[in-house]
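According to the numbering used here, the residues represented by the sequence shown are 109 to 1373, in order.
Glycine included, every Cβ here is placed at the ideal spot set by N, Cα and C.
Keep in mind it's a predicted model, so treat the numbers as computed, not measured.
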Amino acid sequence: MRAALSAIIAAWPMVAKRSLSHWRLLSTVVIGVLLSSTVMAGTVIYFDALRELALKNSLNQVEPLQLDILLKAERGPTTVEEYGRVADAMTYQYEGRLNWLFQDVQRSAKTATFYLTVPGNEENAGRDDARAFFTFNPRLTDNITLLPGGRFPNEQPIELAGAPLALEALVPADAAEMFGVGVGDNISAVPYWRDRTPYTSVVISGIFERNDPNSEFWHQHDTLFRSITSGSFRTMPFFVSEQMFFNILGANFTDMDSSYAWHLDTDRDRLNAGNTTITHLQVRTMRSQLATNLFGFRQLTTLDSTLADYDRRLFFSKIPMFVVMVLIAVVIIYYVVTLSSLLVEQQRGELALLRSRGASSGQILVVFILEGATISLIAIVVAPLLAASIISLMGFTPAFADLSGGERLNVFITRGAYLMSGLGGLFSFAALLIPAVRASRIGVTRHRQQSARPTGPPFYQRFYLDVMLLVISIFLFRQLHDQGSVVATGLFGTVAVNQALLAVPALILVAFAVSLLRLFPLSIRYISGDSPNLMHLIVGVAAAVQAATIIFGSANGGANGGEWDWTARGISLGIVALMTAMYAATERLRDGRLRAIGLAAQFVLIAALVLSPATVPVLEFLAYNNGSTAITPGIVGGVLLVSVSAGVNFFVPLPLGLIFLAFAAFAQRAPVGFSMGMWQMARNPTHYARMSLLLILMAGLGIFAASFGGTLERSFREQAQYATGADIRVEGLTVNSRGSSVPLVETYENIELVDEASPVVKAFGTDLSKLLGESYTMVAVDGDTLNRVGWFRGDFSERPMSQLLTQLDHANPPIGIDLPVDSRGIGIRVKPDRPRESLALSIRIKDANDRYFTYVMGLLGGNGDWLTLERGLARGTNFRRFIPLQPTQPLTMVSLAIHDTNSRGRLRAGNITIDEIWVRDGSNRVTVLEDFDAVSDWTVLRGARESITDILQPVSAGDNGEAEQGAAQFIWSEGPPLTGRGIYHGPEASPLPVLASRSFLSDTGHSVGEEFTVSISGHRTPIRIIDSFEYFPTLDTVGKRYLVADVASVVRYTNLEPTSAEIKPNEMWLRTTSDTISGAAGNGYDRAMLVADMRDNGEPFQSRAVYDRAEALEEATVDPLVQAGWRALLFMAFGAVLILSCLGFLVHSYVSFREREMQFGLMRTVGFSMRQLVTLVWLEQAIVIGAGMALGAEMGRRLGAIIMPFLSHNERGTQVLPPFVLEIDWGTLAITYGFMILVFTAIILGMIWFIRRISLQRILRLGEL
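Below, the structure is given as structure tokens:
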């Protein structure tokens, strides 16, 4: 071992000299290794800094007193010994667990509550609201000021005639003023319990005022003692000394319990990110332990909830950041691999020379190991220091200014930072050894072969490691898809993160990028018109995927539907087989005319299939949709089909064979520079693919990181818009129940600033078609106004929500009979089948403002003969002090019904005969509303389950045989009491059209187009699902079930039953005109004032809550911690993309020029002009840069669209609503990419400048060597 170390030490100077000889290339590798370790170490340091900022931010949002801990326990009797037991238990817990956290501890005590009365009235004590208690606090004298004439109380009892016990006490000035007492006054305190001392007389020795009413000294007194007896009682606190509290009060009131309190003053500066977890745990443990051992224990603090909220916010905020950090680290490691490979390639001649001089592969590998180990060790040591310095300086940036106060960020270099730096160094060391192992095996013969022939495919392609990586990434993505998020919730609510799934984005990006390199040579040969193998591969894969999708896809329909589904599948398979066969036959043709006929036949056939009703199995890829325009490319049997939807739908079929012929024709006529460039790239694709892969990863990282930041900011805005639904939303609306009926919508629209109002009804319901009655929420809306008032997004439903809401109108609503405007009373003539003393007849009337009123006409008693029931339309009652709500003319009678008023019995089956209904005006003139000559205009109410057998029929003859003209008979079956059974004026109710949430359909098993019955606030209603939606503003469609219907139809049908409560809008969605309107007096009436009036004054109607979108948007701005973290992370991502891309391209161009310097010189000697060489260089670099950045950008966009939904959770770990929509920060990205392109252009121009300076004589001499 010692000999080996000696050999390494002896060899190290030679290795150092060798490394310094090519320091220019080596420095780029060192930068990559250092960046790798810096990013890895910076992950720990950065997140620690964010934790400190998050903790500071969370604590600053809480009042200092709320972070203090108040402890209280009750115990009796009131003795020093019992107090000692409580104090021992308390101090044992807080000193043993959290003593380091507290800067001060206060203690106090309070007796049980006494009745307070004047002397001599002790027997009547407790009959008023006067109460008192005794308390002590050792620090009282330092925090009060005695008013003139007062003194501190005597420590011993005083002699007072007739009093069993008399003592002195201090009282606060506000309590003395409330009771009207002063210094020297005597008050009796009588215990509410029986004790050996019946009462005590208290002489007020002094009155005091607080030195500082807001001092934390009074926190425990006001929170624990004073608040208990506040409210409806007047309370007098008597302040005594600790000695008097125990030795006098406790000794005389032996059955008295007391409360003992401790105020633990928390020093927030002692909290840091490292001790928050143990602090939270100790606070919770202390609460549980003391609650178990002490009676009446209470622990009041927001410290534990604040720390829990901090941990939760930090936990969910850093998950997406960690994903991007992993992606950055992976891209940097690949950069190291690429640059080290280029470095080794430059040393192949040197290595071959060493092998020819007798050096073994092991010896050469040791050289590389020493070189790589030196670089890695230096990076491991320096990286944490560099990361800490950079992160500390971020405090001066605008991103962290609000959190850091414009100062340096507090950073700590922990053991974890060095461990992560070491991990990054090990990864980099492994990346350096990968090309070194291959290079150490190069001999002279192999070196000459590689110099004369193009490099073969890389080892990961030869051993199909790229395919294996792709399979692994697909497997992990499948697991992520099944789990639904990187965050998993356990059985008991514990939240955990699957660490492996955090690397899925990086794995997917690398796997697909590496897999695309397999297509790079085929693509070059296809574009150059040399080989159509790429086209054959694409068509074969597309046909296989289409066939597998058709065969193994889910079937639709039932028995007959399944048969038709397999028929359709057979047709689709036939189309795929026919088009693939035509493609294969056409490509085998060598005759140009026959080939043209085959291509034309493919074009015509696919056009005919697209125009026909047949479903063409298109394999969609690269679909693009920006809301107004949708472009969907696909492939069907060798034909590229591009479908475009932009107002007018059209498609463009283009055979792939025709595209290849166009490329081949162009290649034959292209300039020599183009042909040579394409030939060179097709001959040696590995050299170019390596740089393309680096650019793909860099561009993908940039797009992915930019999409994270932009998507997050957009999501916060849209969450506020989704939660509010409209500019202003009034929830829990309570319409007036007194005075006169007023129009609801018009009242809101008459308010300044309100442009339009849309009523909404949210009601509980059950699915009556299910055995257990699945619950749901009915949301009834006005589709016309809600389209203008509400906020919707295009992905809330498959079809635009504006179209869906306008289809909710009901075809045949209840009609009703209009009453004359001057009607004052209403009457009805009925005849029950027998006297029914408990049966009441009611009529339902609707007024001009769509308010519904029930008029109980009377009981169906009597002797079974005809009854004339009449009552006035003005509503009144003898049991209330106020006049109930009065209807507004004109009125409409909508229904009439009977119900049994005996709630303990059941409604017995029977019938009534209805002759006519009339109204009486102010002049006592009677107008018949309905004479029941025909019953076709009336329909039976089906609100009760038993009403399905109810019948309404005309009556042709009376019981005695005389004719009864114009009468109707209503027959009902047995049922529950208090439930209305009757008829309404209007046609038979058709199913109500509704929209169903996807959660409703999946949970209940219903489908679009199905008809069934549901209940809406207890009212049976037939419905028909006309369409579905995924999301709807204000609704939690992920965890709950919803139906959306027309508000007018729901209100009409649910209010038909007279005995039920009125269903009316309970929400109002408002669209405002502007933020401010000038009043008559010149004072601006702004939006904030309007919202305040609605909340505080209940204008114009009382409500439970009022949501303002402007407030929500202001509050829902991105969390400063999250925003700062993302800005810094985007800076890191774009910085890595910019630096590594430019360095990588610079090294790649330099190595490429050095390798091909002789080739360029020979091309000049054989007649190539400088313009042709420049064309060749520009073409090669443009293809490498263009293909790499374009593919990387598209892969990054796709990766963001795939991964972002799995990261769409809020700070509590639940899915955000609405879900994320990809939003890319194109501005920052354009600046970064623009700078990259400028640098690339400068590098290419420099390469051209070197080509122009090539000395042909020197090149020819090198060739002779």
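Asked                                                                                                                   : Found
Contact set for Val188: own chain, Cβ-Cβ below 6 Å, skip 5 residues either direction                                    : Phe354
Contact set for Arg871: own chain, Cβ-Cβ below 6 Å, skip 5 residues either direction                                    : Per the sequence shown, the amino acid found at residue 871 is Ala instead of Arg. These residues qualify, in order along the chain: Met886, Ile1124 and Ser1125.
Reduced DSSP secondary structure (H/G/I, E/B, other) of His371                                                          : strand
Presumed contact (8 Å Cβ cut-off) between Gly833 and Thr1142, rounded CB distance                                       : 4 Å
Identified DSSP bridge partners for Lys218                                                                              : Thr243 and Ser367
Selection from Leu1284, Phe1358, Ser135 and Thr446 that minimises the alpha carbon distance to Thr1375                  : With the chain covering 109 to 1373 only, the question about residue 1375 has no answer from this structure.
Residues of its chain near Asn262, where Cβ-Cβ distance is below 6 Å and the 5 sequence neighbours each way are ignored : Glu276
As assigned by DSSP and simplified to three states, the class of Gly1018                                                : strand
Given Thr414 as reference, the closest of Thr384, Gly514 and Leu1103 once Cα atoms are compared                         : Thr384
Strand pairing of Thr960, partner residues [DSSP]                                                                       : With the sequence shown as reference, residue 960 is identified as Tyr, and Thr is not the correct amino acid for it. Its beta-bridge partners are Lys954.
Option in Leu1103, Glu1024, Thr1009 and Ser1168 with minimal Cα separation from Ser1136                                 : Leu1103
Beta-carbon spacing of Ile499, Ala157 below 7 Å                                                                         : yes
CA nearest to the CA of Asp1154, picked from Pro1173, Val1146, Val452 and Leu1164                                       : Pro1173
Straight-line Cα distance separating Ala1218 from Leu75                                                                 : Missing from the structure shown is residue 75; the chain here goes from 109 to 1373 and no further.
Within-7 Å CB hit, Val1048 to chain D                                                                                   : Going by chain labels, chain D is absent from the structure shown, which holds only one protein chain.
Euclidean distance between Cα positions of Val1282 and Gly785                                                           : 10 Å
When Ser313, Leu805, Phe287 and Asp293 are compared against Met344, the one with the closest alpha-carbon               : Phe287
Contacting residues, own chain, Cβ-Cβ under 8 Å from Asp375 (five flanking each side not counted)                       : Leu209, Phe210 and Gln211
Proximity winner among Ala1213, Pro1095, Leu968 and Glu826, relative to Ala919 (alpha-carbon distances)                 : Pro1095
Assumed close pair Leu1307, Phe583 - CB separation to whole angstroms, cut-off 8 Å                                      : In fact, because the Cβ distance is near 17 Å, the residues do not count as touching under 8 Å.
CB of Ile440 within 7 Å of CB of Leu801, strictly                                                                       : no
Sequence-distant residues of its chain with Cβ nearer than 7 Å to Ala689 (five each side left out)                      : none
Where the alpha helix (DSSP H) containing Thr657 begins and where it ends                                               : Asn641 to Phe660
In DSSP terms, what Ala281 is bridged to                                                                                : In DSSP, Ala281 forms no bridge with anything.
Distance between Leu630 and Leu645 (C-alpha atoms, nearest Å)                                                           : 9 Å
Contact set for Ser946: own chain, Cβ-Cβ below 6 Å, skip 5 residues either direction                                    : Asp1008, Thr1009 and Asn1010
Test item: CB-CB of Gly480 and Leu531 under 7 Å                                                                         : no
Which listed residue (Ala297, Leu697, Ile312 and Tyr307) has its alpha carbon closest to that of Val50                  : In the structure as shown, the chain begins at 109 and stops at 1373. Residue 50 is therefore absent and cannot be evaluated.
Rounded C-alpha distance that separates Leu1238 from Pro763                                                             : 43 Å
Pairwise C-alpha distance: Tyr568 and Leu134                                                                            : 25 Å
Cβ separation of Val1002 and Ile953, assumed to be a contact under 8 Å, to the nearest whole Å                          : 7 Å
Val1043 versus Pro1062 - alpha carbon distance                                                                          : 6 Å
Pair within 7 Å by beta-carbon distance, Val843 and Glu864                                                              : no
Under 7 Å between C-beta atoms of Leu1284 and Gly781                                                                    : yes
Closest residue to Val1328 among Leu422, Ala1076, Met198 and Ser815 (Cα-Cα distance)                                    : The sequence shown places Phe at residue 1328, not Val. Ranking Leu422, Ala1076, Met198 and Ser815 by Cα distance to Phe1328 puts Ser815 first.
C-beta atoms of Leu1037 and Trp1046 nearer than 7 Å                                                                     : no
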